[in-house]
Amino acid sequence: MMSRNLQNSANRPRRHSEASTVKTSEISSAEPVVENSHLLPTCQRLRNDRDVTAMEEGELKDGKKTLFMMSPRLDAQLGGYPPDCGTKELKYLSYAKVLRDRGMTHPMRYSSTRVDALGFPLPERYPLCSTNFGAHSFHHLPTDSVVLSQYGLGIALYFKYLKVITWLFLLLVVISAPTLAVYIIGGGTTMAELTALARQDLPSILGITSIGHLSEASSVCDQALENTELSLTCSAGEIGFVKAVYSTYDFQGSCSCPERNKVAESSGICRGYAEGSTCPVDGAGCFVGVHPVSLRPCCSFSRDDATKTPLFDDMRIQESEDCGSSMAQQIVEGLCLGKKSCTFNVSEAITYAWEPDANYGTNCSKPPTIVTIDSVANITKEVCEVELNDDSDYSKCDTDKPRALIVYGRCFTARIDLSGAWNLKIIGWDSMSRREFLGLAVGCDIACSLAFFMIIIWLRRKEKEAVDHIDQNQIKALDYTVQIVHLPYHDDLNLLRQEIRLHLEATLSNAPPFAEELDRIRVADVQFGKSKSRHLRLLSRRGVIVRRLEIAQQRHEKLQLLYGRLDERVYTRREQRHLRAINQLETELHRFDIKLEQWYAHQKRYNISQAVTAFVTFEEEEGFHRCLQEYPDLGWLHRLFQPYYKRLHGKRLRFRPAPDPTDIIWENLHYAFVERVFRQLAVALITLSVLFVSFVLIFVAKEQKIKLERQFGRPTSCPTEVLKSDVVQDELNKVTELVPYKALVECYCKNFLVDHSFRSMMYESFYNPETGEDEMLCRSWATTFVTTQILSIASVLLVVAVNLILARILNALVALEKHHTQSSQVVSRVTKVFLAQFCNTALLMLVINANTNYFSSSPTVSETTSAGGFSLGILEILNGEYSDFSADWYNDVGVTLMLTMILNSFSTHLYLLANYIMLKARRFIDRGYSFDHSLTKQDTQRDLEALYRGPKFDLAARYAQSLTSIFITYMFSAGMPLLHFIGFGAMFMTYWADKFTFLRVARSPPVYDSKLASAAGSLLPYAVLMHCLIAMWMFSNDRVFESDSDTTFQEATMNNKYSPGEGIPIFDTERGQLISRVTRPQVVVLFAFFVTGYTVVVMRSVLFEYVPALIRSVFPGLARLLEKPRVAKGIPNYFDAIPTPCLQEKLAATSGTQQLLRPDLRAKYERALLNRLAQEEPMPKLRSKRSASDIERFNQANWIVGCPSYAISDNKEYVAKLAIDSHLSEQIPLDQIF
């Protein structure tokens, strides 16, 4: 290898630039820039050249050793550039060559004033902000980007798509602003409460932007012994119904599950052991169910023998005959109805007073007392005054048992309080009914959906116009080529090629003309895809070894340049290491060469390699259209009656337009449709397995969070004021189990945070009179609370991490599906990554927290009950906490979802930023922690160029990420309009991050077509349907959007077995009735819009996709009439359209690393080249620059864009992949293999 380089360098003439000289005399200059080179002295360049010449002749010395080696300048990899990079002592690489390489391999422009050492213009970066990336517009003026147009239509459409989606989400933000304002203001959260909430749980602040901040109709309950305080507080609305019972404590029911009936904190199952259908009386409950009042998991002591359901009759609120006070109901109604909260002491010695109110029916049972308010103005009022024992009967009460008052209340939320907004108070709009606001919210949501749908349709139309414009103005090899899907059996490919050519020329020459009359249709070339791709796989693996061996040899050659500069032992050790690597790679290469020879001998002997498809290229466009006209692909039924003269050896031929030659995956062409379907199913199963692992991890985190919440419990309602003594007594009641535990520690600690810091709360002490010690109850509560928040954030981070992992797993798995074209593989990758990330981010979160109790036979089952669903081993599916989009769902799952989308918006860009920083760090370390670009530790120029080459610009991953963000943010935005802003931020950030990556980091992408944009656009209309489906369910929740009619109840349901107690009605009588829910007023409009949109999308798919396929198979004649007619583009002859450099390169090909042309093709190539040269000769030699450039542009406009041939050896990507251009592949018989 070295001797060959020395020989080549001896025969190569030296190049000295006359037009430019180096600005600095130091050879180590990292960037030899020349500005106004004619002003610099010539002696400076000559001095550097003398140094190089002296080194070539061996005259330079370093210490005692003379250098006898090839000059680094003569290294072919340096491209003639002087060495300006290496160690401090020796420069043997060229950083200037690296800069030029970046200009050719990265999106950069060339300077008009600055040139390098060889006189080439220096590459410059495009400005980040002022560089125009184009945009779709409503006018017909050009809006394409000059920068992006050179990288294909796909890149340009992607950045236009990002711009449209960004503006779309900004429009959605504006449309949904009124509903967002009502959600924030209508919740009534003060600034002090918001500050306290931020101290407790910062992400929960997001909940004030959702429907959950409006709260919902709810039930409250409290139970107080005599001479203690009872308190009822509504989180929203006012108390509109109460049921009060004053009797013996043990026989009146309970507001929450008693301590002995609670489930275990660690496992969530009952602690008792059943004996048949009952539990031991002295033990704990053993039949898990739902407490009838609190609707929380609870364990009963018995169950029904027939239905096996737990019985909680002893926990339902009930009156005892001849043991109670009938005045308790009247007292509680007078004190609590119509109020947000009420608190009073329970005592038989107190006289309770209230003002009668006819609206709530709180009249006096005996003549009211007249109370004077203002004696001067003689203003009085009527007051009802009664005592608990005024109408009571305790004859059957156990005198040893304490008496208590239990009260169940229902909070109605028919109106939204807007008095907190001063700007609304000015116009007199201080409140509105929830049904009025529902109409506003539904109207805004329909406007958002219409805007989304119309803009997406407009976007797709603009993309189609761009595609049609490009297709009409570009010439590609596929404009001349058809694909034969099935071929007859054959023994000789050359003979089959000749038979196909003669058959098609004879058949199509006699066929009716399509666009022009031709005497004869000629076939230019026929290429085959073989049934066995083992040779391509072997060549691909061999190509990796070849490239590694080339690099290893080059590194060894560079090491030889350091001979005499390094210590002898160091040099010997490094040389031995390089030689070992070279020997190992040569051994592997030899093994692959043997395998390749064995394969070739085997297939030649047994003729097992059959062609499965053929690509037929015609000389004229007319042949292409006539072939598709005579052989229309109208289904198997049409081919069944194909005339015999059109068949080849009796084989029915099926033709279709060929894909672009650079789009074909040649090694996958032999995989049949059925096998590819099974492979896709296998990939889907692997993806589902990863999603299942994610589901298990999130489920475990959720269960751990619920377990910690059981430790302190949740208060049924917090009194307006909670004292330390109340908390201590409540904790003692938890231990003694004599009185139900109310979890007042959470109420106290949260109230403490309003006026104090988190640190102060952690050190707040509670004196326990039983132990005589101070206890840090708030610290214990806060520790548990913070742990639950950490688990919530951990589940969010887990979702984001799994999304990143899924993208990388599917990148590898999609290749196993063996697609025939690159475009179908990329589209499959985008679709699968998007669906996997969508399921992992949105659907898994819904399933884990969802519960089927809404469709339960019990209308009183709460949204926060875990008693539905089914089990899958130890996992409970659809047995989560919520069976509806309740206020708690928004404050829990909704907040988690918004936080996930915020982090998901940053995660991809942070990953790219981390890679960018690591790449910069690698370069900095390579320079010896220096900013001097003339220093490097790399051995070869190729390694140096690879170090400064950016990563790939992965368009498929970016489309999948953007689709995930669009679908999830818009899907749940009806109840959480902040998601519109999050979506706008995500798209805005994605546009600028990808623009920065494209212009500053990534290398030039491959030429993408429009298939990715078409695939993404076809999915977006389904986002509107999913949004409408979720919006219907959110807006039809009558507990959130309660009307005045919802506050009434049916008397017949008061004694229902599913009600919380005697005399308590069932308020949710329409629970589980889907039709009545979606046809409620206001919501029925959204339902009609959903049905209309669903009909349009489905009918479009049916009419334009499935029906045409059916018609083609059953009624081919009708299909031919309905299909869109093809139009000829009027392009030149195929050989005349091949670019001149391609003709010259193919004709100059010699044996070795280049595949020779077949004799028939060589003659046609030579004739085309001679004709082209003959056309240029008559032109005058002296032409203006303008006329020359016009001619060049005309020639290029009539040349084929991309690869002009369907031969694998002409595909640059496969040439590089298979390394058939390497000198190590000279012995491979390319003509015989391909």
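So for the sequence shown, the working numbering puts the first residue at 4; every next one is plus one.
All C-beta atoms, glycine included, are put in the ideal place defined by N, C-alpha and C.
Simplified DSSP assignment, three categories, for residue i
i       : result
Gln941  : coil
Met979  : coil
Val1204 : coil
Ile320  : strand
Asn776  : The question names Asn, but residue 776 in the sequence shown is Glu. Correct three-state label for Glu776: strand.
Tyr914  : helix
Ser148  : coil
Gln47   : Note that Gln47 scores 37 on pLDDT, short of 50, meaning its location in the model is unreliable and no value can be drawn from it.
Asn843  : helix
Tyr1209 : coil
Gln613  : coil
Pro126  : strand
Ser1225 : coil
Asn771  : strand
For residue i, the nearest candidate out of the options (CA to CA)
i       : options                            : result
Ile1    : Cys447, Ile689 and Ile334          : Any property of residue 1 remains undetermined from this structure, which presents the chain solely from 4 to 1237.
Leu1032 : Leu981, Tyr973, Met435 and Glu520  : Tyr973
Asp393  : Val410, Ser328, Ile376 and Gly442  : Ser328
Gln732  : Tyr770, Ser270, Val696 and Thr108  : Tyr770
Pro635  : Arg659, Leu726, Phe621 and Ser512  : Arg659
Thr774  : Leu735, Ala804 and Met764          : Leu735
Val1027 : Val1094, Asp777 and Ala818         : Val1094
Leu539  : Cys447, Val1218 and Asn882         : Val1218
Ala1016 : Leu160, Val379, Ala614 and Gly412  : Leu160
Ala262  : Pro300, Leu314 and Lys163          : Reading off the sequence shown, one finds Glu at residue 262, where the question assumed Ala. Closest by alpha carbon: Pro300.
Asn754  : Lys737, Val185, Lys727 and Val738  : Lys727
Leu1172 : Pro1162, Lys1149 and Arg1161       : Lys1149
Ser434  : Leu217, Pro1024, Gln226 and Gln825 : Leu217
Pairwise C-alpha distance: residue j and residue i
i       : j       : result
Ser827  : Gln683  : 13 angstroms
Asp104  : Tyr84   : 12 angstroms
Ser179  : Thr993  : 23 angstroms
His489  : Leu498  : 17 angstroms
Ile487  : Tyr647  : 17 angstroms
Tyr119  : Arg952  : According to the sequence as given, residue 119 is Asp; it is not Tyr. The straight-line gap from Cα to Cα measures roughly 19 angstroms.
Asp1041 : Thr375  : 44 angstroms
Ala407  : Cys326  : 11 angstroms
Glu278  : Thr231  : 38 angstroms
Pro1063 : Ser222  : 10 angstroms
Ser114  : Arg679  : 50 angstroms
Ala494  : Ile1231 : Strictly speaking, residue 494 in this sequence is Asp, with Ala absent from that position. Cα to Cα, Asp494 sits roughly 23 angstroms from Ile1231.
Gly341  : Glu219  : 16 angstroms
Asn1136 : Ser152  : 26 angstroms
Ala450  : Ala1034 : 13 angstroms
Val1101 : Ile460  : 15 angstroms
Leu173  : Ile458  : 13 angstroms
Exposure label - residue i; buried when at least 16 CB within 10 Å
i       : result
Ser889  : buried
Cys132  : exposed
Trp669  : buried
Phe531  : buried
Val1130 : exposed
Thr251  : buried
Ala1091 : exposed
Pro130  : exposed
Contact test: residue i Cβ vs the ligand MN heavy atom, cutoff 7 angstroms
i      : result
Phe618 : Questions concerning the ligand MN fall outside what the structure shown contains, since it holds no ligand whatsoever.
Going along the chain, which unbroken runs of the beta strand (DSSP E) with 3 or more residues stay wholly within the stretch 238-299?
-> Listed in chain order, they are 241-251 and 290-293.
Any alpha helix (DSSP H) of 4 or more consecutive residues that is wholly inside the stretch 961-1048 = If we require 4 residues or more, the alpha helix (DSSP H) runs fully inside the stretch 961-1048 come out as 981-999 and 1014-1038.
Taking the runs of the alpha helix (DSSP H) that are 4 residues or longer, which of them lie wholly in the stretch 657-734?
-> Counting only runs of 4 or more, we get 676-715.
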